[in-house]
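Asks: Position one of the sequence shown corresponds to residue 23 (the working numbering), numbered consecutively onward.
The C-beta atom is built at its ideal place from N, Cα and C for all residues, glycine as well.
Values in this document were obtained by computation on a predicted structure and should not be read as measured data.
Quick one: the structure is below, and I'll ask about it shortly.
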Amino acid sequence: MSSVKPAPLQRRERKKQSRINRVRDVALQLFVDKGFDSVTVDEIAEAADIGRATFFNYFSTKDAVLRSYHFWIYDE
Numbered sequence: 023m024s025s026v027k028p029a030p031l032q033r034r035e036r037k038k039q040s041r042i043n044r045v046r047d048v049a050l051q052l053f054v055d056k057g058f059d060s061v062t063v064d065e066i067a068e069a070a071d072i073g074r075a076t077f078f079n080y081f082s083t084k085d086a087v088l089r090s091y092h093f094w095i096y097d098e
């Protein structure tokens with residue numbers, strides 16, 4: 023069997039993934055510190071140093087952030 027390696031991510035994709043990871047990590051820390059229901063999208067965006075609109079480019083809701091973290095853990 024031949025093993026096909028995935029193509030390396032281009033710069034734009036690496037930056038996008040880095041931003042997603044930062045939002046995910048910041049959101050998780052806020053959820054732990056303040057409780058999920060007490061955290062707003064605006065707080066997540068501010069802590070991740072992105073705009074609210076940028077947040078919504080990557081995640082539809084704060085629930086989506088939490089779900090993506092869950093799936094990311096199990097993909098590893």
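Excluding the five sequence neighbours on either side, which residues of its own chain have a C-beta within less than 7 Å of the C-beta of Leu50, listed in chain order?
Replies: The answer, listed in chain order, is Tyr91.
Asks: Where are the beta strand (DSSP E) runs, 3 residues long or more, that stay fully inside the region 48–75, in chain order?
Replies: Segments of the beta strand (DSSP E) lying fully in the region 48–75: there are none.
Asks: Quick check: what's the CA-CA separation for Ile66 versus Ser82?
Replies: Each residue's Cα considered, the two are about 13 Å apart.
Asks: Taking one C-beta from the region 70–89 and one from the region 46–62 each time, how about it: are there three or more such pairs within less than 8 Å?
Replies: Judged by Cβ distances under 8 Å, the region 70–89 makes contact with the region 46–62, as three or more pairs qualify.
Asks: CB Ala70 to CB Arg44, shorter than 8 Å?
Replies: Cβ distance < 8 Å, so Ala70 and Arg44 count as in contact.
Asks: Hey, Val63 and Arg74 are a contact pair by Cβ (cut 8 Å); roughly how many whole angstroms apart?
Replies: Confirmed, Cβ separation roughly 6 Å.
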